[in-house]
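Report on one structure; see the data block that follows.
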Amino acid sequence: MPSESVSEVCEIKGCPGPAPSIHRLPPEVLSGIFIQCLPKHCLPKPHSLEAPLFLCQICSFLRSVAVSTPQLWAAISMIRNYERDGHREMLDLWIQRSGSHPLSFSLMYRGEESDIDQLVDILVPHAWRWKDVLVAFPTDSVSHAFREAIEVGTCHLRALTVESIHCLRSQYRGRQSQMPLEISLAHQLTEMSINVELELNFGTSVLNSVKRLSFYDPEAHVGFNYVLYCLEHCPAVENLTVKVSCNHLELPQTLNIRTFPSLRHLDVSSITGRPHQFFGTLCLPNLHTLTCHWQIDSYHIFHNSHADCIVKFLQRSQASLRNLSLTGARIDHIHLMTILRHTPQLKAFICDYSGGITIDVVSIALTLTPSNQLCLGLENVTMLGYGDESNSSPLRKMISSRWNIPKSGLRTGLGLGDRHHLKMVNIEDSRLTRILREPSMEKCVNDGLDIHFLPESGRIRDHWDALDGGDQYARQRTFIDA
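Those letters in the sequence shown? Residues 91 to 572, by the working numbering.
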């Protein structure tokens, strides 16, 4: 809640003390109001114009209530470019006022000379209270104190994110790998995001509470054997993100297929290695969203043979896939159609195969004909890349064929509510804006189709970088609200 709103609630108009109406409210009621002043989508910051510190500056009466409300102090975010004087004292004060409540914190200093370990050391004696934890270390190595805190056991730990400051990464390439982090006692964990070159050791534990698992570091050397190991110890994972480098998979002579019924969202991105082999080990019968981003400059880029691995994976899983995103090198429309034959329930499709044939390949594969009835329920198509500048015919034919499709067994002439139809087409190539002037496309747009052209041709990836903070795996290539 903004500071102005808090003042209005408390009827503060320059008076040195609280208004009489505030005096009449029981402290527990005021505490409940104060808790609602905390930010909803992030941890509170130690800022004088934000709750809880702002509440302590209005008057002595409200300060006493705020200081006596431990829930107000049970979370803190200290994410700064550099450390500042008083940070350690502020964190210590926060911990004292939080009583025995579970502690959530985000700690990050982006500067090269900053020492985040001093803040971690203050929190380590309270490790049994840790709840939602994010720590960004200056290198891939987690501090000894942090490691001991996790390994001893944090009974309340629900979410764990370990980062490193990437501005220092080049100074530490080639350093020896650190010992795996013992995580076997964190039985309440629901989310883990390991964004450094750090492996986990589950021992013999199976953490059935973990629902989200992420490995997100383009420079981390993470093998898919290790990812499979994590899945076996977290079999209830619903959302798996693997965005790393130098992936490899040591395939045994007898391939052992792993089935994970809980896994619904899978995002596999790699700039090197053989990520397609990973799919040869998986059966995901309840998969809802699949994203494959295999970088164009990889030695093993996505091509037709890799499409065959995806086809076999889809055949094996028999999942009702709703969202599909494919990124990589060129693929012909025959192989793309083969993939789409195994996604009959598909609702949204993103495709970026680079090169000069993306628009044409996708348009041809998705054009409905008497012999091609693929993905009749498709509602959203995003095509990244460029087609033949002088020929927009394949795109126009695809859109026309998928607009206002009668549902099976229904007579023609019904309204859109009784028909399958596209809802949105996103196109990167702004040269194709001329299709909007064609009568058939004008009619579709007037009837409700949204044809959206992405940022200026040739700058879409700069746009992604701006949105994602330089992330080479742009989130716009996948599904946010799947």
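Virtual Cβ for every residue (Gly too), placed ideally from N, Cα, C. Model, not experiment: these values are computed from the prediction.
Quick check on DSSP: helix, strand or coil for Glu289?
Reduced to three states, the DSSP call for Glu289 is coil.
By a C-beta neighbour count over all protein chains shown, 10 Å radius and 16 as the cutoff for buried, is Lys402 buried or exposed?
Exposed, since its Cβ has fewer than 16 Cβ neighbours within 10 Å.
Tell me whether Thr459 is buried or exposed, calling it buried when 16 or more other Cβ atoms sit within 10 Å of its Cβ.
Thr459 comes out exposed.
What number of angstroms, rounded off, separates the C-alpha of Leu404 from the C-alpha of Ile525?
Between Leu404 and Ile525, the C-alpha separation is close to 34 Å.
What residues are listed by DSSP as bridge partners for Tyr199?
Paired residue(s): Arg170.
Applying the 10 Å Cβ sphere with the 16-neighbour rule, what's the burial state of Met531?
Buried: at least 16 other Cβ atoms inside 10 Å.
What is the residue span of the beta strand (DSSP E) that Phe227 lies within?
Where Phe227 is concerned, the enclosing beta strand (DSSP E) stretches over 220 to 227.
Just checking my contact of His246 with Pro160 at CB under 8 Å: how many whole Å lie between their CB atoms?
With a Cβ gap of about 14 Å, His246 and Pro160 do not count as contacting.
Could you tell me the alpha carbon to alpha carbon distance between Glu253 and Ala226, rounded to whole angstroms?
Straight-line Cα distance between these residues: approximately 4 Å.
Would you mind stating whether Leu377 and Leu353 have Cβ atoms separated by less than 8 Å?
Contact flag set, yes.
Just tell me which of Leu143, Ser196, Ser188, Asp205 has its CA closest to the CA of Arg219.
Here the closest residue by C-alpha is Ser188.
Please work out which residues of its chain come closer than 6 Å, Cβ to Cβ, to Met427, disregarding the five sequence neighbours upstream and downstream, and give them in chain order.
Excluding sequence neighbours, Met427 sits near Ala455.
Which same chain residues, not among the five before or five after Pro351, have their C-beta less than 7 Å away from its C-beta?
Closer than 7 Å at Cβ, skipping near neighbours: Pro375, Asn376.
For Asp357, which residues does DSSP report across the bridge?
For Asp357, which the question treats as bridged, DSSP gives the partners Thr331, Thr381.
Ends of the alpha helix (DSSP H) at Ala455?
Looking at the DSSP string, the run of the alpha helix (DSSP H) that includes Ala455 is 448 to 456.
Does Met269 come out as helix, strand or coil in the three-state DSSP assignment?
Looking at Met269 - three-state DSSP - the assignment turns out to be coil, as it is neither helix nor strand.
Between the alpha carbons of Cys373 and Phe236, how many angstroms are there, rounded?
Looking at the two C-alpha atoms, the distance is approximately 36 Å.
Taking 8 Å as the threshold (C-beta atoms), are Glu289 and Tyr316 in contact?
Cβ distance < 8 Å, so Tyr316 and Glu289 count as in contact.
Which residue from Phe151, Cys132, Ile240, Trp493 puts its Cα closest to that of Ser167?
Closest option to Ser167, Cα to Cα, is Cys132.
With a 10 Å radius around its C-beta and 16 neighbouring C-beta atoms as the bar for buried, classify Glu118 as buried or exposed.
Flag for Glu118 reads exposed.
Which ranges does the alpha helix (DSSP H) cover as unbroken runs of at least 4 residues, wholly within the stretch 100 to 159, from first to last along the chain?
As far as the stretch 100 to 159 is concerned, its whole alpha helix (DSSP H) runs of at least 4 residues are 110 to 113, 117 to 126, 150 to 157.
Three or more beta-carbon pairs under 8 Å between the stretch 289 to 305 and the stretch 323 to 333, yes or no?
Counting Cβ pairs under 8 Å, three or more are found: they touch.
Please state the DSSP three-state secondary structure of Leu468.
Note: Leu468 maps to coil in three-state DSSP.
Does DSSP classify Val242 as helix, strand or coil?
In this structure, Val242 counts as helix in the three-state DSSP scheme.
Could you work out which residue in Thr433, Leu464, Ile284 is closest to Pro270 when comparing CA atoms only?
The residue with the shortest Cα to Cα distance from Pro270 is Ile284.
For Asn516, which beta-bridge partners are listed by DSSP?
Looking at the DSSP assignment, Asn516 forms a beta bridge with Thr472, His542.
Would you decide whether His234 is buried or exposed? Buried here means 16 or more other CB atoms lie within 10 Å of its CB.
Exposed, by the Cβ-count rule.
I'd like the list of long-range same chain contacts for Trp184, defined as Cβ closer than 6 Å, with 5 residues on each side in sequence excluded.
Around Trp184: Trp163, Ile166.
Considering only their Cβ atoms, is the gap separating Glu518 from Leu474 smaller than 8 Å?
Closer than 8 Å, so yes.
If you run the structure through DSSP and keep just helix, strand and coil, what is Gly499?
Interpretation of Gly499 is limited by its pLDDT of 42, a score under 50 that renders its predicted location unreliable; the figure taken from the coordinates is listed afterwards. The answer is coil: DSSP assigns Gly499 none of H, G, I, E or B.
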